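Residue numbers (the numbering used here): 21 to 172.
A virtual CB, placed ideally from N, CA and C, is assigned to each residue, including glycine.
As the structure is a prediction and not an experimental result, all values here were calculated from the model.
One structure below.
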């Protein structure tokens, strides 16, 4: 049998003390991690549920509403206020912008927003911009270039 322990009693006692100290450190670390995990679990259990709907607010004294988001949307800014389902529907119907990522208008069952004049008027220039012909001039592609290579 291979024995790598020292042959004398003094060194064996020293090793025993050293290992006892290490066991105490390990036990203290285990206890600290156990407490931390229990605190994290308590925090997860006691954390309030996220709101169903969020209104992102603007900057300034008035802080006007900017967008409606689903409660778990990670695209919402830091300035926000939770709202209930009816207020979210009312704000969207009144013309407030819906988040393009979480699509609260679809989640709330609001599919026909074309009756809102502000949005319909704002959408026309965008549609015209994206529908302009794009052609190459000397190998370059650019918006607003006519198919014959002449800029309007």
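Considering only 95, 91, 76, the residue with the shortest C-alpha distance to residue 127 is 91. Between residue 74 and residue 96, the CB-CB gap stays under 8 Å. Collapsing the DSSP output to three states places residue 89 in a strand. At least 8 Å separates the beta-carbon of residue 88 from that of residue 53. Between residue 125 and residue 114, the CB-CB gap reaches or exceeds 8 Å. A straight-line Cα-Cα distance of about 29 Å links residue 121 and residue 66.
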